[in-house]
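Worksheet: the structure to be examined is printed underneath.
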Amino acid sequence: MFNKILVVCVGNICRSPTGERILQSKIPNKTVCSAGVGTAKSGLSGKPADKMAAAVAEEHGYSLEGHQAQQLTSELARDYDLILVMEKGHIEAVTNIAPEARG
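Sequential numbering of the sequence shown, starting at 1, is according to the UniProt record's numbering.
Here it is in structure tokens:
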């Protein structure tokens with residue numbers, strides 16, 4: 001059904017990369033990635049995961065090593081079958097960036 005899953009938050013340095021890594025471990029036969037709706041505006045593009053988020057993930061057996069924050073774009077959204085958001089408010093932000101993703 002869904003083969004490519006995108007996990008979205010604001011900066012793509014805490015919640016969405018953690019969600020990405022958890023999903024990757026639980027459903028390894030699927031493509032899972034993450035992005036942020038405010039990554040570029042916040043100057044976070046290309047930044048690693050937040051140190052505290054990485055520490056919490058590590059405590060639970062997940063590594064955020066190698067993560068680089070990326071901005072959600074309409075092109076990126078089109079590549080995924082399912083977009084998961086961390087907060088209800090992110091739905092509007094995703095829709096503003098990629099109206100075709102709403103559904």
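Even glycine gets a Cβ: it sits at the ideal position worked out from N, Cα and C.
| Item | Value |
| --- | --- |
| DSSP beta-bridge partners of A35 | V8 |
| Straight-line gap, L84 to K4 (C-alpha atoms, nearest Å) | 11 Å |
| Spatial distance of P28 from L64 (CA atoms) | 16 Å |
| Beta-carbon proximity check, G36 vs V10, cutoff 8 Å | yes |
| Beta-carbon proximity list for F2, same chain, < 8 Å, skipping 5 on both sides | K30, D81, L82 |
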